[in-house]
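A.B. asks: I am attaching a structure below and will ask some questions about it afterwards.
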Amino acid sequence: MKKINFLLPILIWLSVTNLVSQQSRVGIVAFYNVENLYDTIDTKGINDTEFTPKGPKKWNSERYWEKIDRLSEVISKFGHHENIPGAAIVGLSEVENREVVEDLVKSRRISHLNYKIVHFDSPDRRGVDVALLYQQRYFTVTNAKAVPLIVYDPKTDNRIYTRDQLVVSGIFDGEPMHFIVNHWPARRGSGPPNGWMRNEAAKLCRSLVDSIIQIEPNAKIIIMGDLNDDPTDESLRIHLNTGDDKNRLKPDQLFNTMGNLFKNGIGSLAYRDKWNMFDQIIVTQTLIDNEQKGYKYHSSRVFNDLFLQEREGRFKGYPKRSFVGNTYKGGYSDHFPVYIVLIKN
């Protein structure tokens, strides 16, 4: 038995079969698509009418606060498999505004973690944004900005308004670290292919990474988000330039921490009996380089505990969501959250 000095100010005894067999500092970085976390107000200029008391989903205060409680329950359990009590960083997508995020971090299950918020309103037509939660005890923000993805409809030449990419830089437990939170354009179901939009999102994200590295060559950068593509898709492999074999990465490639999980049949959401890994966390090689000091990537997880799953019927094993169509199910999200473990020896 060895003592582990966690990022949180407590000491926990673990056996050598757990995370590490020596004294270490450990932190969790998570991402969660919370699926349509809207308030109940019909906001002018935002396509959110369905999430109002008079809309087809009959979205009222009771359902809203139940959704807040459900999501906070999930966030409260990040890291419990590893005996780590709480994530230091949590990226979110599909939040309508800062107010709903404030309600989330103040909820009874996670208020003790004292999460602070980084959020900017984006021009997305549905009014959903990305955000970053962080525990101020472990992360200090030095810079934050929202970078727009500017794309145009090839038929009309009109701009397509979608989510910004959130770049947050700061000091993570004593060392510089950068986070980029994404929610790339969605697939259109039976409509015309729009993979080109996610390719453009990947190019923008790659340009942000390269800009940081140009200023800080050994920067530790963590990309997270609902990318609406799998690790094997063109946007990830070519335009963001990722790989999933740590031993065969080219010098300029990023390491996709979810790639091998996807190869093994694990996904973060399901559609028509097929698992996808749209929710991903990707890191620069500085986080897997043993020559680098400080925090390093240790492991990744799709957080798919049974309480988050449909327990019976046709969709058994799928994420238990809040709505199926306009029928209220009182679940969590149509995505499972994902997280990585960072360790500093």
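In terms of the numbering used here, the sequence shown opens at residue 849 and continues consecutively. We treat Cβ as the ideally placed atom computed from N, Cα and C, and that holds for glycine.
1) On the criterion of 16 or more Cβ atoms from any shown chain inside 10 Å, does Phe840 qualify as buried, or is it exposed?
2) Does DSSP classify Trp1123 as helix, strand or coil?
3) Taking Gly1173 as the reference, which of Ser1059, Asp887, Phe1027, Glu898 has the closest Cα?
4) Beta-carbon within less than 6 Å of Ile1136's beta-carbon, same chain only, minus the 5 sequence neighbours each way: which residues are those?
5) Drop a sphere of 10 angstroms on the beta-carbon of Trp1032, count the other beta-carbons inside from all chains shown, and report buried for 16 or more, exposed for fewer.
6) Under the DSSP definition of a beta bridge, which residues are partnered with His1031?
7) From this set, Ala878, Ser1017, Arg918, which residue's C-alpha is nearest Arg1155's C-alpha?
8) What does DSSP give as the partner residue(s) for Phe987 in the beta ladder?
9) How close, in whole Å, do the beta carbons of Gly1115 and Asn1124 come, if the pair is a contact with beta carbons under 8 Å?
10) In chain order, what residues of the same chain lie with their CB nearer than 6 Å to the CB of Gly1091, ignoring the 5 residues before and after it?
11) Please report whether the beta-carbon of Ile958 lies at a distance below 7 Å from any beta-carbon of chain C.
12) Tell me the DSSP secondary structure of Arg1149 in three-state form.
13) How about the region 984-999 and the region 947-955: do they share at least three Cβ pairs that are nearer than 8 Å?
14) Decide if the region 1071-1079 is in contact with the region 876-893; the criterion is three or more beta carbon pairs, one per stretch, under 8 Å apart.
15) With three or more C-beta pairs closer than 8 Å as the rule, is the region 1053-1073 touching the region 1177-1184?
16) Of all the options Ala936, Ala1034, Glu1160, Lys964, which has the alpha carbon lying nearest to the alpha carbon of Asp972?
17) Output yes or no for whether 7 Å exceeds the beta carbon distance between Gly875 and Leu1190.
18) Grouping DSSP H, G and I as helix and E and B as strand, with all else coil, what is Tyr982?
19) Excluding the five sequence neighbours on either side, which residues of its own chain have a C-beta within less than 6 Å of the C-beta of Phe968, listed in chain order?
20) Using CA atoms only, rank isn't needed, just tell me which of Lys1051, Ile1130, Ile916 is closest to Arg1199.
21) Quick check: the region 1000-1016 against the region 1041-1055, are there 3 or more CB pairs under 8 Å?
22) By how many angstroms is the C-alpha of Glu1023 removed from the C-alpha of Glu1064?
23) Is the beta carbon of Val1016 closer than 7 Å to that of Leu1056?
24) Which residue's Cα is closest to the Cα of Val989: Val976, Ala936, Arg974?
25) Which same chain residues, not among the five before or five after Tyr912, have their C-beta less than 6 Å away from its C-beta?
26) Taking the alpha-carbon positions, what's the Gly1200 to Asp951 distance?
27) Over what stretch of residues does the alpha helix (DSSP H) that includes Glu1048 continue unbroken?
28) Quick one: Cα of Arg1054 to Cα of Gly1107, how far?
29) In chain order, what residues of the same chain lie with their CB nearer than 7 Å to the CB of Asn1006, ignoring the 5 residues before and after it?
30) Whose C-alpha, out of Asp1077, Gln1128, Asn1089, is nearest the C-alpha of Pro1185?
C.D. replies: Reading from the atomic positions:
1) One cannot answer for residue 840 here, as it falls past the ends of the chain, which runs 849 to 1193.
2) Here Trp1123 carries a strand assignment [DSSP, helix/strand/coil].
3) The option with the nearest alpha carbon to Gly1173 is Glu898.
4) Same-chain partners within the cutoff: Lys1094, Phe1103, Tyr1145.
5) So Trp1032 counts as buried.
6) Answer by DSSP bridge pairing, in chain order: Asp1074.
7) According to the sequence provided, residue 1155 is Phe. The question's Arg does not apply to it. Of Ala878, Ser1017, Arg918, the residue nearest in Cα terms is Arg918.
8) When DSSP reads this structure, Phe987 sits in a beta bridge with Phe1020.
9) In this structure Gly1115 is in contact with Asn1124, their Cβ atoms being roughly 5 Å apart against a cut-off of 8 Å.
10) Excluding residues within five positions, the ones whose Cβ falls inside 6 Å are Leu1097, Gln1101.
11) The chain inventory of the structure shown lacks chain C, comprising one protein chain alone.
12) If DSSP states are grouped into helix, strand and coil, Arg1149 belongs with the strands.
13) Result no; under three Cβ-Cβ pairs closer than 8 Å.
14) Flag = yes, the region 1071-1079 and the region 876-893 touch.
15) Too few Cβ pairs lie closer than 8 Å, so no.
16) Asp972 has its Cα closest to that of Ala1034, out of Ala936, Ala1034, Glu1160, Lys964.
17) Yes, the pair counts as a contact, with Cβ atoms nearer than the cut-off.
18) DSSP, reduced to helix, strand and coil, places Tyr982 within a strand of the structure shown.
19) Correct list, in chain order: Ala994.
20) Missing from the structure shown is residue 1199; the chain here goes from 849 to 1193 and no further.
21) Yes: at least three Cβ pairs fall under 8 Å.
22) As the crow flies, the alpha-carbon of Glu1064 is around 13 Å from that of Glu1023.
23) Contact flag unset, no.
24) Taking only the C-alpha atoms, the option nearest Val989 is Ala936.
25) Closer than 6 Å at the Cβ level, and outside the excluded window around Tyr912, lie Thr888.
26) Within the shown structure, residues of the chain are numbered from 849 to 1193, placing residue 1200 beyond reach of any answer.
27) Under the DSSP assignment, Glu1048 falls in the alpha helix (DSSP H) whose first and last residues are 1043-1063.
28) Computed Cα separation, rounded: 18 Å.
29) In chain order, Tyr1000 place their CB closer than 7 Å to the CB of Asn1006, counting only its own chain and leaving out the 5 sequence neighbours on each side.
30) Ranked by Cα distance from Pro1185, the options Asp1077, Gln1128, Asn1089 are led by Gln1128.
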